[in-house]
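Engineer: Can you read through this structure? Questions will come right after.
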Amino acid sequence: MSVTSDHQIASPADGFSGPSVGDFWALLKPRVMSLVIFTGFAGMYLAPGTLHPLVFGISLFAIAAGAGASGAINQWYDRDIDAVMSRTKSRPIPAGVMIPAEALTLGLVVSAFSVLLLGLAANWLAAGLLAFTIFFYAVIYTVWLKRSTPQNIVIGGAAGALPPVIGWAAVTGGVSIEPILLFAIIFIWTPPHFWALALVKNDDYKAAGVPMLPVVAGEDETRKQILIYAVLLAPLAVIPSFIGMASWVYGAFAAVAGAIFIAMSWRIWASKSNVLAMRLFAYSIIYLFLIFLGLVLDHFVTGSVL
């Protein structure tokens, strides 16, 4: 298989056999989708009110499908820089197993399907929020922000923070302070999460010409910003216990998890080294999972008591 200079796949005569089901699955960014499914589920579960289990499942599937669709569009547009970076060069398009048009078609079709499905299954507010999320990630972040500003992750993080809001709206038909708080937790979590990875992959981003914060502002400034965001994030995740959204048990749990996040960020900043950055990146994933799992379990326990 061969790839042309603009990363288009060679013709079938050159040995191109076509993508497999696994290649299409990889196009949907399943790791990102799993996070969307979990945070979207949390928003739906924590929301007051109930949905029929079938409607609940269909709505969650639609949210996940929308996330996968935007990931496909992202890989279609980013095929040039994906081919340069070691972390992404094995994706279906730069690897030479899929033509860009297939990725774009899949992304557009699944986007439309997911929005329509959520609107019919739940309500059109949730569907509208899903459509906005897809547009924001695929166009605002991917096409505009990612290649133009070191604040790409800061602003673009809004797309990844919206699934619990969509889930909440699917159940209630509205938006209140609680889903906005869930949004804020993910929004503030996103920059230190990605900047920790960017410290490790700085050479890749330089080669691809992506203006991530370490490339533009330097590694010392990036480490400082990671610490600042960690300090903002830790108390933010405790707030649910102060507004009646969760118990003090969750609050204590979130405080400990946040303290660990701050301590790891401090060590990265104080050491002036990136050796620990990958550990923080891994912990940040665990941290967000634990925060939302803690909220779900707390609601399950206190709800069963009440």
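Letter by letter, the sequence shown follows residues 0 to 305 of numbering that gives the first Met the number 0. Virtual Cβ for every residue (Gly too), placed ideally from N, Cα, C. Values in this document were obtained by computation on a predicted structure and should not be read as measured data.
1. Return the Cβ separation of Ile-72 and Gly-39 in integer angstroms, given the expectation that the two are a contact with Cβ distance under 8 Å.
2. Going by DSSP, what residue range makes up the alpha helix (DSSP H) through Gly-166?
3. Roughly how far, in whole angstroms, is the beta-carbon of Lys-28 from the beta-carbon of Gly-67, given that I think they are within contact range, below 8 Å?
4. When DSSP labels each residue in this structure, what does Arg-90 get in the three-state scheme?
5. Excluding sequence positions up to five away, which residues of its chain have a Cβ less than 6 Å from the Cβ of Val-2?
6. If you follow the alpha helix (DSSP H) that Asp-81 is in, where does it begin and where does it stop?
7. Is Asp-22 closer than 8 Å to Pro-91 when the C-beta atoms are compared?
8. Tell whether a beta-carbon distance below 8 Å holds between Gly-65 and Thr-132.
9. Quick check: the Cα distance between Ile-179 and Leu-115, rounded to an integer number of angstroms?
10. Relative to the C-alpha of Pro-99, which candidate in Arg-86, Gly-166 and Gly-17 has its C-alpha closest?
11. Decide if Phe-37 is buried, meaning its Cβ has at least 16 other Cβ atoms within 10 Å, or exposed.
12. Ignoring anything shorter than 4 residues, give me the alpha helix (DSSP H) runs that lie fully in the stretch 143–223, in order along the chain.
13. Thinking C-alpha only, which one of Leu-34, Ala-137 and Gly-293 is nearest Gly-155?
14. For Gly-21, name the three-state secondary structure that DSSP assigns.
15. State yes or no: is the C-beta of Ala-195 within less than 8 Å of the C-beta of Ile-225?
16. Contact between the stretch 227–234 and the stretch 245–264 is defined here as three or more beta-carbon pairs at a separation below 8 Å; is this criterion met?
17. Using the C-alpha atoms, what's the distance from Leu-129 back to Pro-162?
18. Could you check if Gly-173 is buried or exposed, using at least 16 other CB atoms within 10 Å of its CB as the buried criterion?
19. Where do the ends of the alpha helix (DSSP H) carrying Val-255 lie?
20. Run the CB neighbour count on Gly-217, radius 10 Å, all protein chains shown included, and call it buried at 16 or more, exposed below.
21. Could you tell me whether the Cβ atoms of Ile-185 and Ala-168 are closer together than 8 Å?
22. Quick one: what does DSSP say Met-277 is sitting in, helix, strand or coil?
23. Determine the direct distance from the alpha carbon of Tyr-228 to that of Arg-266, and round the result to whole angstroms.
Structural biologist: Short version:
1. Here residue 72 corresponds to residue number 73 of the sequence shown, with the count starting at 1. Here residue 39 corresponds to residue number 40 of the sequence shown, with the count starting at 1. Between Gly-39 and Ile-72 the Cβ distance is about 19 Å, and since that is not below 8 Å, they are no contact.
2. As a working note, residue 166 is residue 167 in the sequence shown. Gly-166 -> alpha helix (DSSP H) spans 162–171.
3. Against the sequence shown, residue 28 aligns to sequence position 29. Against the sequence shown, residue 67 aligns to sequence position 68. That belief holds up - the Cβ atoms of Lys-28 and Gly-67 are roughly 7 Å apart, short of 8 Å.
4. One-based indexing of the sequence shown puts residue 90 at position 91. Coil, per DSSP.
5. Along the sequence shown, read from residue 1 onward, the residue named residue 2 stands at position 3. Because the pLDDT of Val-2 is 37, which lies under 50, any placement of that residue in the model is unreliable, and the number read from its coordinates should be weighed accordingly. Contacts found: Gly-95.
6. Counting from one through the sequence shown, the residue named residue 81 turns up at place 82. Asp-81 -> alpha helix (DSSP H) spans 78–81.
7. Here the question's residue 91 lines up with position 92 in the sequence shown. Here the question's residue 22 lines up with position 23 in the sequence shown. Yes, the pair counts as a contact, with Cβ atoms nearer than the cut-off.
8. To locate residue 65, count along the sequence shown from 1; it is residue 66. To locate residue 132, count along the sequence shown from 1; it is residue 133. Yes, the pair counts as a contact, with Cβ atoms nearer than the cut-off.
9. Start at 1 with the first residue of the sequence shown, and residue 179 comes out as number 180. Start at 1 with the first residue of the sequence shown, and residue 115 comes out as number 116. Each residue's Cα considered, the two are about 24 Å apart.
10. As a position in the sequence shown, residue 99 is number 100, starting the count at 1. It is Gly-17.
11. Position 38 of the sequence shown holds residue 37. Answer is buried; the Cβ neighbour count reaches 16.
12. 151–160, 162–171, 176–199, 201–207 and 212–216
13. Position 156 of the sequence shown, counted from the first residue, corresponds to residue 155. Closest option to Gly-155, Cα to Cα, is Ala-137.
14. Reading the sequence shown from its first residue, position 22 is the one you call residue 21. Correct three-state label for Gly-21: helix.
15. Walking along the sequence shown from the start, residue 195 turns up at place 196. Walking along the sequence shown from the start, residue 225 turns up at place 226. Going by C-beta atoms, Ala-195 is nearer than 8 Å to Ile-225.
16. yes
17. Taking the first residue of the sequence shown as 1, we reach residue 162 at position 163. Taking the first residue of the sequence shown as 1, we reach residue 129 at position 130. The alpha-carbon atoms of Pro-162 and Leu-129 are separated by roughly 8 Å.
18. For this step, residue 173 is matched to residue 174 along the sequence shown. Under this definition Gly-173 is an exposed residue.
19. Here residue 255 is taken as the residue at index 256 of the sequence shown, counted from 1. Note, Val-255: alpha helix (DSSP H), 247–270.
20. Taking the first residue of the sequence shown as 1, we reach residue 217 at position 218. Counting Cβ neighbours within 10 Å, Gly-217 comes out exposed, since fewer than 16 surround it.
21. Your numbering for residue 185 matches position 186 in the sequence shown. Your numbering for residue 168 matches position 169 in the sequence shown. No, Cβ-Cβ distance for Ile-185 and Ala-168 is not below 8 Å.
22. In the sequence shown, residue 277 corresponds to position 278, counting from 1. Correct three-state label for Met-277: helix.
23. Stepping through the sequence shown from its first residue, residue 266 is reached at position 267. Stepping through the sequence shown from its first residue, residue 228 is reached at position 229. Answer to the nearest angstrom: the Cα atoms are 14 Å apart.
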